[in-house]
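Protein sequences, first through last, are from chains A and B. Using this note's numbering, the letters of the first sequence map in sequence onto residues 1 to 244. Using this note's numbering, the letters of the second sequence map in sequence onto residues 245 to 488.
Number of protein chains: 2
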Amino acid sequence: MATSGKNGTPPATRQVPERCAQCTDRAERLFCNLPEEAIERFDEIAMQISYPSRSIVFEEGQRAAGIFVVCSGQIKLAATSRDGRTMILKIAVPGDVLGLTATLNDLPYEVTAETLEPCQIRSVRRRDFLEFLSHFGDVSRHAAQVIAREYHEVFLDARRLALSGSAAGRLAQLLLDWARTSSCGKPELRFTMALTHEELANMAGTSRETVTRLLNQFERDELIARHGASISILHPVDMERMVG
Amino acid sequence: MATSGKNGTPPATRQVPERCAQCTDRAERLFCNLPEEAIERFDEIAMQISYPSRSIVFEEGQRAAGIFVVCSGQIKLAATSRDGRTMILKIAVPGDVLGLTATLNDLPYEVTAETLEPCQIRSVRRRDFLEFLSHFGDVSRHAAQVIAREYHEVFLDARRLALSGSAAGRLAQLLLDWARTSSCGKPELRFTMALTHEELANMAGTSRETVTRLLNQFERDELIARHGASISILHPVDMERMVG
DNA sequence: ATGCAGGTGTGATGGCGATCACAGTGGGAT
DNA sequence: ATCCCACTGTGATCGCCATCACACCTGCAT
């Protein structure tokens with residue numbers, strides 16, 4: 001289920017330093033890449049927490065208590081309708097910030113956040129975070145940019161749901177979007193799929209069975225290839241074309 | 245088509261002051277409500293433009309040139325798929341800021357903005373705007389909050405599209421969401437619909453004919469009432485229930 | 001009046017895909 | 001080995017709703 005392959009290694013919960021100031025991955029993480037003195041202050045107000053696999057970080061509808069920065073592990077963000085349908089918004093990875101918009105708007109969290117593997121998370125309470133923003137002007141710029149990026153992602157979701165006529169189109173689009181962002185940079189177009197068909201279905205706005213059928217279809221048509229949990233997109237161009 | 249009734253008055257293009265500093269509506273507009281000195285500077289870098297009805301302010305896919313603040317008039321924000329399907333994201337009203345996320349991310353505009361009536365718009369070029377943000381720390385906070393709100397709106401769109409199983413559900417949800425935000429504050433639940441059935445369909449992710457049928461259905465079931473272009477939601481509770 | 005164009009109402013039809021049902025499969029426990 | 005459980009594969013059915021087709025109803029221009 002996790003990113004780890006068939007080898008028995010536990011999911012990639014690399015050890016995370018005690019303080020953000022010592023984190024070596026900071027530079028490549030949009031939000032974390034803050035000026036020195038801001039980071040120092042951040043370390044003072046942030047609380048480091050370890051979550052076991054399959055635990056709930058926060059739940060849809062709860063009044064926003066603060067923000068959560070993912071340090072290690074994957075986290076599923078999903079919203080549920082009254083009658084049990086589920087929409088998976090995205091799988092958050094290290095560097096992502098959760099609960100930002102709800103915290104800024106002082107609204108309930110829009111989604112439920114559930115760990116898919118053991119995770120390390122830093123959290124900051126709402127009050128402290130807002131004060132932090134006021135104090136360090138350019139952190140707000142950072143935050144704005146982070147939210148702008150999140151906006152763009154949800155926009156793509158909405159677009160996919162509204163404009164990709166068929167289930168096949170939505171799934172194809174999802175795989176494409178995903179391959180692009182997962183292998184950030186060059187079109188690696190091969191990625192490991194840590195999700196079940198059911199979860200894919202909830203991201204593509206279709207049903208479990210349809211996903212199964214479509215993936216097999218795609219494979220028969222040689223649009224994709226699968227080895228174990230990894231998927232390669234063989235013909236991105238043809239793939240694009242079926243998005244509609 | 246515009247908000248004006250059957251009387252021959254031109255659509256509500258109230259005169260807008262030359263400078264934001266003199267704008268009396270500023271206080272109630274999230275983004276515009278800036279500290280004095282920021283407003284002064286904003287007036288220096290902003291350009292005031294009048295657009296006739298049915299004109300394009302910017303187009304989906306264009307590299308972001310800057311932001312646009314709506315001073316008067318309504319503007320349709322829509323995205324289109326290769327094969328001509330259209331998704332209407334929202335109808336922007338005075339106080340809304342367009343192109344914010346694209347500008348911050350230095351990405352192409354996500355949508356096309358088309359005026360529905362004569363509009364007054366203030367625009368700021370990307371470079372100037374970014375510099376403006378750097379200079380006035382707390383404006384970034386404002387911007388972040390504005391984007392957070394936009395995020396929330398798109399999120400609701402995505403949620404509606406993904407979770408409201410039936411076309412009826414999506415339309416009902418749309419009318420509800422809309423009545424709530426349009427009559428901001430108390431549940432007025434009566435609002436004028438400046439849109440054609442076709443456009444409603446493009447917002448609800450369904451077809452023109454289905455919208456026609458559903459609206460009649462809703463009226464027969466006494467969920468809504470219509471007088472001319474205005475719609476009242478009679479039984480919000482029953483309405484909620486059919487969202488699914 | 002006449003024509004036209006954009007919007008609306010309504011039936012008929014067909015296809016996509018949700019849903020149900022159940023059979024295989026594989027990996028973890030014990 | 002064996003059970004079990006979550007996941008995957010596949011057929012059958014059936015309902016929603018997109019689409020086509022066409023009638024009607026404004027307002028507007030000529």
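Glycine included, every Cβ here is placed at the ideal spot set by N, Cα and C. Keep in mind that this is a model prediction, so the values were computed, not measured.
Could you have a look at residue i and say whether DSSP puts it in helix, strand or coil?
{"i": "B:E443", "result": "helix"}
{"i": "B:G429", "result": "Note on B:G429: pLDDT 48, under 50, position unreliable in the model; the coordinate value appears next. Looking at B:G429 - three-state DSSP - the assignment turns out to be coil, as it is neither helix nor strand."}
{"i": "B:R485", "result": "helix"}
{"i": "A:G8", "result": "Note that A:G8 scores 36 on pLDDT, short of 50, meaning its location in the model is unreliable; the coordinates nonetheless yield the value given after this. Three-state result, A:G8: coil."}
{"i": "A:Y51", "result": "strand"}
{"i": "A:T3", "result": "A caution first: A:T3 carries a pLDDT of 39, below 50, which makes its placement in the model unreliable, though a value can still be read off. Coil, per DSSP."}
{"i": "A:L116", "result": "coil"}
{"i": "B:T454", "result": "helix"}
{"i": "B:P261", "result": "coil"}
{"i": "B:R285", "result": "helix"}
{"i": "A:G66", "result": "strand"}
{"i": "A:R127", "result": "helix"}
{"i": "A:P35", "result": "coil"}
{"i": "A:T80", "result": "strand"}
{"i": "A:F136", "result": "coil"}
{"i": "A:P107", "result": "In the sequence on display, residue 107 of chain A carries Leu and not Pro. A:L107 falls in the coil class under three-state DSSP."}
{"i": "A:H152", "result": "helix"}
{"i": "B:G449", "result": "coil"}
{"i": "B:G413", "result": "helix"}
Residue i: which of the options sits nearest, CA to CA?
{"i": "A:L156", "options": "B:Q318, B:R424, B:E304 and B:V455", "result": "B:E304"}
{"i": "B:G339", "options": "B:R403, B:L459, B:C267 and B:T450", "result": "B:C267"}
{"i": "A:A167", "options": "B:A406, B:S299 and B:G343", "result": "B:A406"}
{"i": "A:D238", "options": "A:A172, A:G205, A:E209 and A:I231", "result": "A:A172"}
{"i": "A:R85", "options": "B:E358, B:C363 and B:R404", "result": "B:R404"}
{"i": "B:S378", "options": "A:S53, A:S140, A:L133 and A:L130", "result": "A:S140"}
{"i": "B:I332", "options": "B:I311, B:D350 and B:E354", "result": "B:E354"}
{"i": "B:L420", "options": "B:V487, B:L278, B:K334 and B:H471", "result": "B:V487"}
{"i": "B:I391", "options": "A:T112, A:M193 and A:L100", "result": "A:L100"}
{"i": "A:S53", "options": "A:A113, A:L30, A:R122 and A:P17", "result": "A:A113"}
{"i": "A:V16", "options": "A:A27, A:K76 and A:C119", "result": "A:C119"}
{"i": "B:S316", "options": "B:S294, B:I300, B:G310 and B:A308", "result": "B:S294"}
{"i": "A:L105", "options": "B:V337, B:E394 and B:A322", "result": "First, the amino acid is wrong: residue 105 of chain A is Asn here, not Leu. With distances taken between Cα atoms, A:N105 lies closest to B:E394."}
{"i": "A:R220", "options": "A:L234, A:V93 and A:D43", "result": "A:L234"}
{"i": "A:E32", "options": "A:Q145, A:F218 and A:R180", "result": "The sequence given here has Cys at residue 32 of chain A, not Glu. Out of A:Q145, A:F218 and A:R180, A:Q145 has the C-alpha closest to the C-alpha of A:C32."}
{"i": "B:S367", "options": "B:C264, B:I468 and B:G409", "result": "B:C264"}
{"i": "A:A46", "options": "A:S55, A:A64 and A:F132", "result": "A:F132"}
{"i": "A:D127", "options": "A:I75, A:S55, A:G205 and A:A65", "result": "Note on identity: in this sequence residue 127 of chain A is Arg, with Asp being the wrong assignment. The shortest C-alpha separation from A:R127 is found at A:A65."}
{"i": "A:R82", "options": "B:E361, B:S408 and B:V341", "result": "B:S408"}
For a contact defined as C-beta to C-beta under 8 angstroms, what are the partners of residue i on chain A?
{"i": "B:N349", "result": "Q145, A148, R149 and H152"}
What does residue i touch in chain B if you count any residue whose Cβ is under 9 angstroms from its own?
{"i": "A:G244", "result": "S325, R326, D327 and R329"}
{"i": "A:R170", "result": "Ordered by position in chain B, no residue passes the 9 angstroms Cβ test against A:R170, which lies about 10 angstroms from the chain."}
Which residues of chain B have a Cβ atom closer than 7 angstroms to the Cβ of residue i, listed in chain order?
{"i": "A:T101", "result": "A392, Y395 and H396"}
Note down, in chain order, every chain A residue with its Cβ under 9 angstroms from the Cβ of residue i.
{"i": "B:E288", "result": "What B:E288 touches in chain A: nothing, since even the nearest Cβ is about 20 angstroms away."}
{"i": "B:E354", "result": "Y151, H152, F155, L156 and R159"}
In the DSSP assignment, what residue or residues form a beta bridge with residue i?
{"i": "B:R470", "result": "B:I475"}
{"i": "B:A336", "result": "B:I319"}
{"i": "A:I147", "result": "For A:I147, which the question treats as bridged, DSSP gives no partner whatsoever."}
{"i": "A:T86", "result": "A:T80"}
{"i": "B:W270", "result": "Reading off the sequence, residue 270 of chain B comes out as Arg, not Trp. None; B:R270 has no bridge partner."}
{"i": "B:F302", "result": "B:A357"}
{"i": "B:L342", "result": "B:F312"}
{"i": "B:R366", "result": "B:Q292 and B:V313"}
Please list, in chain order, the chain B residues whose beta carbon lies closer than 8 angstroms to that of residue i.
{"i": "A:L116", "result": "Under the 8 angstroms cutoff, chain B gives no residues; its nearest Cβ is about 20 angstroms from A:L116."}
{"i": "A:S140", "result": "G381, D382, S384, R385, A387 and A388"}
{"i": "A:L133", "result": "R385 and A388"}
Under 6 angstroms: does the beta carbon of residue i sit that close to some heavy atom of the ligand MG?
{"i": "A:L234", "result": "Inclusion of the ligand MG in the displayed structure is not the case, the ligand content being empty and no account of it being possible."}
* To do: Determine which residues of the segment 390 to 409 of chain B have a Cβ less than 8 angstroms from any Cβ of chain A, and write them out in chain order.
  => I391, A392, R393, E394, Y395, H396, V398, F399, D401, A402, R403, L405, A406, L407, S408 and G409
* Listed from N- to C-terminal order along the chain, which residues in the segment 445 to 467 of chain B have their beta-carbon within a distance smaller than 8 angstroms of any beta-carbon of chain A? -> G449
* **Residues in the segment 275 to 309 of chain B having any Cβ partner in chain A nearer than 8 angstroms** => none
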